[in-house]
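In this text, residue positions in the sequence shown follow the numbering used here: the first is 2, and each later residue adds one. Where a beta carbon is used, it is the ideal one built from N, C-alpha and C, also for glycine. This report concerns only the one structure given below.
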Amino acid sequence: MKPSHIEHIGIAVKSLEETIPYYEQLLGQKCYSVEEVADQKVKTAFFKLGDTKIELLEPTSEDSPIAKYLEKNPHGGVHHIAFCVEGVQKALEDAAQMGIQLIDKAPRRGAEGLNIGFLHPKSTHGVLTELCENPNK
Ligand code: ZN
Numbered sequence: 002m003k004p005s006h007i008e009h010i011g012i013a014v015k016s017l018e019e020t021i022p023y024y025e026q027l028l029g030q031k032c033y034s035v036e037e038v039a040d041q042k043v044k045t046a047f048f049k050l051g052d053t054k055i056e057l058l059e060p061t062s063e064d065s066p067i068a069k070y071l072e073k074n075p076h077g078g079v080h081h082i083a084f085c086v087e088g089v090q091k092a093l094e095d096a097a098q099m100g101i102q103l104i105d106k107a108p109r110r111g112a113e114g115l116n117i118g119f120l121h122p123k124s125t126h127g128v129l130t131e132l133c134e135n136p137n138k
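Below is the structure:
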């Protein structure tokens, strides 16, 4: 596995409405996309800095993984880091071979039409790690 860059950093927030203006000021740009990802029970908002995006994540349901994160981290915080790879399926298999516990054994569809798969923080030194690729590239 050899990721090309950090595709995005996922940040858990209680409210997109309250957080977007902060990032718009901090980054000197408008949020370019807000999208609901039903599969992950989140609403996302995106900013782009070079090749890397900032992905804000607001839970849309109490059993959302982001809602659980916010129970433990009530102010929000960095939720995951996403590496861009060529071929998520192969990268997940590589990770499994390295002895890393997978959350996703096969890629699924994430925000922005990316193929994504998560590695378990128990075997990534505490960092929830996402592998993703843009299938339309
Ligand atoms: Zn992500």
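Item, Value
"Beta carbon of residue 61, beta carbon of residue 31: below 7 angstroms?", "no"
"If you count every other CB in all the chains shown that lies within 10 Å of the CB of residue 11, and 16 or more means buried, which is it?", "buried"
"What did DSSP end up calling residue 106 once you bin it into helix, strand or coil?", "coil"
"Where do the N-terminal and C-terminal ends of the alpha helix (DSSP H) with residue 75 fall, by residue?", "Where residue 75 is concerned, there is no enclosing alpha helix (DSSP H), given that its DSSP letter is neither H nor E."
"Tell me whether residue 37 is buried or exposed, calling it buried when 16 or more other Cβ atoms sit within 10 Å of its Cβ.", "exposed"
"Could you spell out the range, first to last residue, of the beta strand (DSSP E) harbouring residue 117?", "116-120"
"I need the straight-line Cα distance from residue 16 to residue 44, nearest angstrom please.", "9 angstroms"
"For the ligand ZN, is there a heavy atom less than 6 angstroms away from the beta-carbon of residue 11?", "yes"
"Tell me, please, whether the segment 70-81 touches the segment 90-108 by the rule of three or more beta-carbon pairs shorter than 8 angstroms.", "no"
"Just the C-alpha distance for residue 35 and residue 56, rounded to the nearest angstrom, thanks.", "10 angstroms"
"For a test of the three-state rule: what should DSSP assign to residue 136, helix, strand or coil?", "coil"
"Taking residue 57 as part of the alpha helix (DSSP H), name the residues at either end of that continuous run.", "Segment 53-60 is the beta strand (DSSP E) holding residue 57; no alpha helix (DSSP H) there."
"Let's test the definition: count the other Cβ atoms within 10 Å of the Cβ of residue 33 and tell me whether it reaches 16, buried, or not, exposed.", "exposed"
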